[in-house]
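Numbering-wise, the numbering used here comes out as the position in the sequence shown, counting from 1, plus 1.
Note that beta-carbon positions come from the ideal geometry of N, C-alpha and C, so glycine has one too.
Please read all numbers here as calculations on a predicted model, not as lab measurements.
Working notes for the structure below.
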Amino acid sequence: MSIDVRSNQETRYPPQGLPPTREQIVRHLRHASAVAERATLMGHHPFGAILVGPDQESVLMEQGNVDTVNHAESVLARVAALNFTPEYLWSCTLYTTVEPCCMCAGTAYWANIGRVVFGMTEERLLEATGDHSENPTMSVASRYVFDHCQKAVDLIGPVAEVEEEVLRVQRDFWAKR
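This is how it looks when you write it as structure tokens:
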């Protein structure tokens with residue numbers, strides 16, 4: 002057991018372990034971006050996510066966007082929860098191209114994924130999509146969701162080294178819709 006310093010209550014899961022290096026963060030976000038681009042080849046929206054194991058190297062799963070309800074992050078988190086123990090997932094990292102919406106942040110939390118890293122903010126996504134009917138973004142930051150959880154999920158992002166790359170993929174896709 003450990004103490005959550007935000008609430009001063011005992012938590013079931015220990016801290017997530019060593020954080021990823023900057024090089025690992027950038028490499029894994031670029032991998033997630035490649036998954037997002039692959040999703041567009043299948044006619045889906047350009048969002049991608051990968052799950053990396055506690056060693057910060059092993060890619061355990063990858064998932065592109067499916068549709069407006071089955072976002073890459075939420076599908077990945079649900080499948081991960083079916084295949085790994087909560088204790089193991091607490092030491093894993095979910096990498097995603099764009100900041101998780103409140104649904105995806107909540108799903109990652111309920112799946113017990115201990116760390117989430119994103120390349121670009123939801124706010125920047127809105128710049129790329131405008132008021133596109135296929136992607137009605139929400140102005141609810143994932144930080145807000147995670148700050149209201151009982152377990153302290155480690156959130157990292159946006160990541161400057163990949164932000165423009167992710168934004169380019171989004172702009173290219175939505176300009177053709």
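A residue is called buried when at least 16 other Cβ atoms come within 10 angstroms of its Cβ; residue 133 does not meet this threshold and is exposed.
The distance from the Cβ of residue 98 to that of residue 142 is about 16 Å, inconsistent with a contact at the 8 Å cut-off. The alpha-carbon of residue 145 is positioned some 12 Å away from that of residue 139. Here DSSP, grouped into helix, strand and coil, assigns residue 60 to strand.
In this structure residue 36 touches residue 64 by the C-beta definition: roughly 7 Å separates them, less than 8 Å. Taking residue 101 as the centre and dropping the five residues before and after it, the same chain places the C-beta of 74, 109, 117, 119, 143 closer than 7 Å to its C-beta, in chain order. Taking a 10 Å sphere around the C-beta of residue 130, we find 16 or more other C-beta atoms and assign the residue as buried. Rounded to the nearest whole angstrom, the C-alpha separation of residue 48 and residue 171 is 8 Å. Residue 93 sits close to residue 53, with the two beta carbons spaced by under 8 Å. Residue 156 sits in a strand when the DSSP states are folded into three classes. Excluding the 5 residues flanking it on each side, residue 104 has same chain C-beta neighbours closer than 8 Å at 72, 75, in chain order. By a beta-carbon distance limit of 8 Å, residue 163 contacts residue 30. Their separation comes to about 5 Å.
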